[in-house]
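In terms of the UniProt record's numbering, the sequence shown opens at residue 1 and continues consecutively.
Glycine included, each C-beta is placed from N, C-alpha and C at the ideal position.
None of the values given here were measured: they were computed from a predicted structure.
So the structure is just underneath, and the comments pick up after that.
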Amino acid sequence: MTSTPRLRSGFPATPATAAPRRQTLQQQTPSTVASVSSSAAGSTTKSPTLPLAPENQSTQSVTSQPVIPLTFLDAPQQRLYAFGVYVLLWAWKLYDWLQVVEDGDSSWWLFLKWIFIDFAFLYGLPELRIPWLELSQALVTGVFLSHLVLNYMLMFNIPLPWQSWLIGLVKVLYDRELSISEHNVKVANILNNHSLIMGKQIINILPEGSAVLNPEHIPFCLSPKSKAGVALPIYFNSSVPAEIELIRIDLETNKQETIKVPNREVNKVAKSIRDQMGDPNSAGFNWQFQVKKPGVYRLAKVLDDYKLEVQRTAKDTYVVPCPQARIKTADSTQRCIRDLSDLSLDVFGTPPLKIVYRRTINGKNDGFHFQSLQPDGFVSPLLQGTSDAIITNEDDFSWVRPSKVTVGLNESMTTAGEWEYSVEEVHDAFGNIVKYAEPGAEADHAVPRGLTQRFAVMERPKVRLATCDLRNPIKVAKGKPAKLPVNFGISGAVTDTSYQVTWKFSPIDSLTNSGDHGKQVSFGEYSAKSSRDKPVVSEPGLYTLDSITSGSCKGEVAEPSSCLLLNPLEPHLSIKTEEIPDKCAGNSIGLRVDLDLVGTPPFAVRYEIITDGRTEKQVHRVNGLRSQLELVPKTAGRHKYVFKSIDDSVYTGLPLEGSDKILEQVVKPAASALIANRDKEISACLDSQVEVDVELHGDPPFNLEWEMVHDGKRKTERANGIQDKRYRIKTASLSKGGEYILALSSVQDQRGCRTFLQDQLKLSVRRQRPRGGFGLVEQKNSIMAVESDTPLRLPLRLQGEAPWTISYRNLNESGQVLTKTATGANDYLMVKSRGVYELVNVRDKQCPGTVDETASKFKVDWFPRPQMFLVQTESTTGSNDAFVKQEVCEGDIDGFEVKLQGSPPYHVEYEVIHKSVTGSSATLQKRFDAALPKAAISMDTSKAGQYKYRFFGLADNLYNNDKSFNQLVVEQRVNAKPSASFTKPGQSFKYCMQEQEQEDKIPITLTGVAPFSVEVEIKHQAGSPPETYRVSSINSNSYRMPIPREHLRLGTQQLRIRRVRDARGCQQKYEIGAPSIQIQLYDAPSIYALESREDFCVGERIAYTLTGTPPFDITYDFNGRWHAKSQTTNFRRIAEKAGVFTITSISDKASECRAAVNLRKTIHPLPSVQISRGKVSRVDIHEGNEVDILFEFWGTPPFEFTYTRSTNAKKGQRSVVLETRHDVSYERSKMVKASQEGTYEVVAIKDKFCSFSTQQVEKRDARL
C-alpha cells in the first residue's frame, strides 16, 4: 500500500503498517523498514521496495520514530490525547477569561502565563514526532502568533464579536423573573433587548498620597569599613507605589545616575503598605532603601497603582563619606620642656569640619576643638545659614565633596611630664559625628591606633660651678687630682640624674693678661652616672663649662661657669724665741715664740709639749704669714716643745725638721686667773643675778680682785683667802638694763706677787621685758573669713629673743589654755574656730615677759553662708522651706522666682522629681548660675503629674557648697489635659431626615473634671465647608450627645471632636487623628416609577426605583393586597396581565423610615439610553475634582432616568450600591457632573410612554 502524495509543508502521511508493526517491528526486513520510513517523511513517489543505503539506514530509522513508542501507544491514540490536552487548555483559558470579565479588569499575569503555556505546547508538540502532527517550524510560529493575539484580547478584556452571543446563550438556558402576581415568569418572553441601556462611568478617587525621601533630614555618612551601606528612609503617605526611581549625583563628577528600584522590592513595599492600611491607626509607611555609594540622592519619580505620579518633596539627601581624623606620627616621642609639640592633624570630610581632641598632661584632661575647618577658597551654602540654605547653582555639588584639611598643633610644652594628644570626635558639615572614644573610657584602650600621640616631656638640666670662680680658685697640691665642683640640677622628681658635661681648658701659662683663655685651648668631656658624680681634673689652668646634656635634653650653663685650678707652693716655718721674765720674782715663766710662715694660709702648726714624761699635743692655727706664740706653762718644771708638722689650706702633714724646731725651758709660773666661761658674753634678764666661775693658777691661798663696770661707773670687789683653784663670782641683782663688764683686776698667790689680769666677761642685760600681743588685720583686731577646714593665721607681734612660748585661750569655748611656740617676731597663731582669742602669757628664749593689754584679744568670725528664699506670690502657699505652687494645666507656661543672699555669683543645684499619674517617677538633675539676687525658674509642665522641685545645692563666690543649706522644696500639680472620645469609635449612626420617636444618641467618654465643654466638627461629604457644634455644661464623664438636624445633611458626614475643656480650665485641641464617627442621614425611603403610563403592553415590565438603603418592604395592591421585599434599589415586576398596580407604602430596614405612597404605574414602549458613549469609561481623579458624565437618550422626550453609584468592583468582592439618583432630561443628551467615587450606571429609563430597567438582566448576567 502506498501513501497519498502530499506537499512538503502539509501534514505527514499516515503510516501504512502501523498496526501490524506492533508485533512484527523487530522482524521487518530492511526493505519494509525503508518503505515505512520514506512514507513517514513525506518523500516523493519512490518505489516502496527500494532499500535504503546501508550507511543511512540506522540514522533515518532513529530520527523518524515517535518519542512515545507506537508499541506502547499507537498514532491515532497519541493524536487523540494531544487534541484532548489542547481542548483542556482552551477550557482553562476560557475559565480565566470569565474571571477577567467578572472582575472588569485586565491581567498581565494571565497574559504572560498563557504565552508560556501556548509556547510550551505548540513548540513541544512537533518534538514528540506524533504521526500527522509533525508540524513545520513556520506553521508552529504562525499558530503561536495567532494564539498570542487571542490571549491579549482575552486577558485584557477586549470585546470580541462572539462575546455577547456567548453570554446570551447562557441566558437562554435560564431566564426567570417575578411577575406582579408574585410568581416567576420567563424574562426572555418579556424582555430580551440588552441594547436599551449601555455604558458605565467608573470614577476612582485617588488618595492624596505623597512620598518623601528622608523626611526627618537625618544626616548619613558611609564608613569605608562598612559593607552594609546606609538605609535611606522613604515615607509613603496614602499611596501604594508601583514604580520608584531615585537620582544619585556623584560627588566627584556631578553626573546623575538614575536608580530604579527593582519591581520585586516595589511589590514587597506595596504589599506591606496594603497590609498596614488595614490598621486604622497607621499614619504612613516608612521604607528603608539601602545605598552603598556616597552622593546626593533625590526622589525622581514615584508612580502609584494607577500609573499616576505621586506628590513628592524635592529635597536632597546627602550621603557623604564619614569624617575621619588622623594624627601624623611624630619623629620622636621625647620632648624637652619649652620645646614645640610640632604635631599636626589630618581631617577628612565634607567641610566645614570640626574636630574635638583631648590633651592630657600628667593625667589632667583638657578638651579642645577646632571648628570651621575648610580648605582655602572654599565656598559652601552651609556657611551662609543652615543646612537648608538656598543653593544658587543646583547642579554644582562640589561643596559636598570631602576634603582633607591639615591642622597644626604647634604649642610650647611648658610642663614636664607625660603629654598625650588624642582625637575624640570629628564632625562634618552635615552633622555626621564619628566618636573615637566614649566619655570615661580608658585612655589605653579607647582610642584606636593612629588617633593618639604621646610625648615624654623632660625638664632641662642646669649646671654651674659651686665654690669656685676666678676669685676663688681651686688650690690643690702638685700632682693631686681634684673634683671639678659641678653643681647639676634638674626640676621635678627625676630618677635618672645622669648627665654629660663638656668644658674648655687652657693651661695656666697660656692664659691672657686678663685671665681669659689663650690660644692653647682643649676640650674635655665627662659622663656622670648621677648628680653626685663629679669630673676629676689635676692639670692647673682655667676650666670653663661649655654644655650640659641630660638624656635627650640640652641644658643651660649658669654662672659661675669658669674655675681656675692652681698648685700653690709648699708651706715653710721659721722660729725665733725669747724668754718671758716674771716682773715680781724675776724668774722666767715661759717662752715667746715668733713664727714666720710661707705658704697658703691658714696654717696649722702641730707641736708636742713634753712635761715629766707626759706628752700633750697642741695645734696652733695661724691665719696670716706671721704669728707669735707664748708658751707659758701652768705648772713649774722642765718643759720641752717639739714642732712636728705644718698644714696650710693646700698641703697637709708636711713634717718639720731641724734642731730649731725643738725648744726646752725650766719655768716657775706666776699666779694667774681666767674666767672659765667659754663665751665671753652672757645674756641676762632684767632684775636677775649672774654667776661666773673663775679658774686660779699658782700657790694658794689666793686673793682675787674684780670690777663691775656699768654706764661708766666702776665697782671694785675683792675675795681673800681662796683655797680652791676654782672660785664662783655671784653678782648683785641687775636692776638696770644695758651692758655690764665683769673684769678681773688682779690675783695674788702665796708668794705675794700681784699679777695684773686682763680677762673679762661681758654681761648683756635686757633693757626691757619680752612683750607680746596680736597684730592688726586691715587696721582692726578682728577678721571675717570663709568658714572652712583651713586654719586662719592670726598675726602676732612679739618682742624679745626667739623662740617665744605663748599661752592663749578661746573665751567663747571651754577656756582651755593652749601653748604655741613662735619662731619669729611676726609669727602667726593658727586657729580653726570662731570666737575671741586672748593671750595669757608670753616668754621668750630666756626671760618671762608681759602681754600687751591693748592687743591681748582678737576676734574671729565667719562670713555668712549663702541663703535662698522663695519669692512668694498669690499663686504660692506654704512656709518653712516647703511651698506649693498653684495647679496648672499640662502644657501651660509657669515659673517662680527665688531670692539669693550671699556673695554673688551664685551656683544653684536642684532636682525635678516628676511622679506621673500612673505612679512612675523620674528625676532630672539641673543647675544654673545667677549673678543677681533674684533668679527666675521655669517649671516643667510638659507632662501631667506631681512635680517636686528640691533645691539641695547652693554656692556663692565664697562658699563652694553649703552643707548646712536648708533645702527648699516647691511642689506643683500639673493637671492632665482633658480628653474626649467616642465610646464606639468608627461606628456609623443612622438618622432620618425627620425626627423619629426613638433615635440613637452618640455616646461620648470624657476624662477630666466635670463640667465639660465639647466642640465637634461636622464635615459633609458633599465638599461644603465643615460646621462647628458646641455642647456645654456636661456634668458627667459619659454623655449621650444629640445632633440637631440643622447641622446635618443628607448622606454621610464625618463627626470629629475638635476641642474639649474641663472645669479646671484645661483644654485639649485635636488637630490630627481626632476621634471621629460617621453619621448617615437618611430621608424617608421613596419609590419612583420608571414609567408613567397606566397601560402596559403585554410582556412589558413595571419598574420602580427606590431611594434609601436596601432591603425595602413594599406594600402594593394588585387584585388584592401584596407585600414584596426588595433587596436592591430597584423594584420590578413583569406585567403578565392587565390590572391596576398601586403601591401604598415603602420602608427600608436600614433607616427604619417608612413613607406612605399612592402610585399607579403603566407601561409604554421601551426607550434606550447610553452613558459614556455606551462604553465602560474609567477616570481617576483627586478628591475635589469633577467628571462630566454624558447621558444620551433614544426615544420620545422628555426622558426620566435613574442611575446608581456603587462601589467599584474588586476581585473577589461584589459591588455595593451606595446611592441612587433620579434625573429628567428634555433633550436627547444630558451632562451630569460627579465628584464622588464609584461606578455610575443607568438602571432605569423612561420616556414619554415607556420605561426600561436593567436589574433583572444584571442578575442573570451575574449568574453567568
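Problem set entry | Cβ neighbour criterion (16 or more within 10 Å) applied to H217 | So H217 ends up on the exposed side.
Exercise. By DSSP, does Y235 sit in helix, in strand, or in coil?
Worked result: The three-state reading of DSSP puts Y235 in strand, counting E and B together.
Problem set entry | Three-state secondary structure (DSSP) of I741 | It is a strand residue.
Exercise. Secondary structure at F965, three-state DSSP: helix, strand or coil?
Worked result: Of the three classes helix, strand and coil, the one that applies to F965 here is coil, per DSSP.
Exercise. Under three-state DSSP, which class holds E853?
Worked result: In the three-state reduction of the DSSP assignment, E853 falls in the helix class, which pools H, G and I.
Exercise. Considering only residues of the same chain and omitting the five flanking positions on each side of T792, which have a CB-CB separation below 8 Å?
Worked result: The question names Thr, but residue 792 is Leu in the sequence shown. Same-chain partners within the cutoff: I783, A785, M830, V831, K832, V860.
Exercise. Out of curiosity, what's the CA-to-CA distance linking T952 and S903?
Worked result: According to the sequence shown, residue 952 is Phe rather than Thr. Near 18 Å, if we compare the C-alpha coordinates of S903 and F952.
For this session: Compute the Euclidean distance between the alpha carbons of Q723 and L794, then round it to the nearest angstrom.
Result: Just so you know, the alpha carbons of Q723 and L794 end up roughly 58 Å apart.
Exercise. How about W114 and M155: do their beta carbons lie closer than 8 Å?
Worked result: Result yes, Cβ atoms of W114 and M155 sit closer than 8 Å.
For this session: Note the first and the last residue of the continuous beta strand (DSSP E) segment covering Y808.
Result: Where Y808 is concerned, the enclosing beta strand (DSSP E) stretches over 804-810.
Exercise. Nearest-angstrom Cα distance between G658 and K640?
Worked result: Their backbone Cα atoms lie some 15 Å apart in a straight line.
Problem set entry | Segment limits, beta strand (DSSP E) that includes Y828 | Segment 828-831, the beta strand (DSSP E) holding Y828.
Exercise. Does the Cβ-Cβ distance between A1103 and I180 come in under 8 Å?
Worked result: For A1103 and I180, no; Cβs fall outside 8 Å.
Problem set entry | Length of the line joining the Cα atoms of S1145 and Y991 | Distance from the CA of S1145 to the CA of Y991, rounded to the nearest whole angstrom, comes to 20 Å.
Problem set entry | Limits of the unbroken beta strand (DSSP E) element including Y306 | No beta strand (DSSP E) contains Y306, which DSSP labels as neither H nor E.
Problem set entry | Span of the beta strand (DSSP E), counted from its first residue to its last, around residue 1298 | The structure shown does not extend to residue 1298, since the chain spans only 1 to 1264, so no value can be given for it.
For this session: Could you tell me whether the segment 719-734 touches the segment 683-703, where touching means 3 or more Cβ pairs closer than 8 Å?
Result: They touch, by the three-pair rule.
For this session: Have a look at T918 and S942 and give me their C-alpha separation to the nearest angstrom.
Result: Roughly 15 Å between the two C-alpha positions.
Problem set entry | Cβ-based neighbour list, S223, same chain, cut-off 6 Å, excluding 5 preceding and 5 following | Correct list, in chain order: C322.
For this session: Return helix, strand or coil for V917, following the three-state DSSP convention.
Result: V917 falls in the coil class under three-state DSSP.
Exercise. In terms of residue numbering, what span does the beta strand (DSSP E) encompassing S547 cover?
Worked result: Residues 541-550.
Problem set entry | Terminal residues of the alpha helix (DSSP H) in which G124 lies | Here the alpha helix (DSSP H) through G124 covers 108-124.
Exercise. Looking at the structure shown, is V33 part of a helix, part of a strand, or coil, going by DSSP?
Worked result: Confidence at V33 is low in this model, with a pLDDT of 33, below 50, so its placement is unreliable and the value that follows should be read with caution. The answer is helix: DSSP assigns V33 an H, G or I state.
Exercise. How many whole angstroms separate the CB atoms of Q1067 and P1011, which I take to be in contact at a CB cut-off of 8 Å?
Worked result: Contact flag wrong, Cβ pair sits at about 13 Å.
Problem set entry | Length of the line joining the Cα atoms of E909 and Q901 | The alpha-carbon atoms of E909 and Q901 are separated by roughly 15 Å.
Problem set entry | A40 - DSSP class collapsed to helix/strand/coil | The pLDDT assigned to A40 is 35, lower than 50, so where the model puts this residue is not dependable, and the model offers no usable value.
For this session: Determine the burial state of P66: buried for a count of at least 16 other Cβ atoms within 10 Å of its Cβ, exposed for fewer.
Result: By the Cβ-count criterion, P66 is buried, with 16 or more other Cβ atoms from all chains shown falling within 10 Å of its own Cβ.
For this session: Could you tell me whether the segment 304-320 touches the segment 360-368, where touching means 3 or more Cβ pairs closer than 8 Å?
Result: Touching, no, given that fewer than three Cβ pairs across the two stretches are closer than 8 Å.
Problem set entry | Sequence-distant residues of its chain with Cβ nearer than 8 Å to T392 (five each side left out) | Because the pLDDT of T392 is 46, which lies under 50, any placement of that residue in the model is unreliable, and the question is left without a value.
For this session: Leaving out five residues on either side along the sequence, give the residues of the same chain with a beta carbon under 6 Å from the beta carbon of residue 1298.
Result: Residue 1298 is absent from the structure shown; the chain starts at 1 and stops at 1264.
Problem set entry | Classification of F523 by the beta-carbon crowding that lies within 10 angstroms, buried from 16 upward | Result: exposed.
Exercise. Hey, how far is the Cα of S733 from the Cα of A676?
Worked result: If I take the Cα positions, the gap works out to 21 Å.
Problem set entry | DSSP state of N623 mapped onto helix, strand, coil | N623: coil per DSSP, three-state reduction.
Exercise. If we ignore side chains and look at the alpha-carbon of each, how far apart do H427 and V405 end up?
Worked result: The alpha-carbon atoms of H427 and V405 are separated by roughly 13 Å.
Problem set entry | L222, DSSP secondary structure in three states | Here L222 sits in strand by DSSP.
For this session: Enumerate in chain order the residues of its own chain whose CB-to-CB distance from D660 is below 6 Å, with the five nearest sequence positions on each side excluded.
Result: I575.
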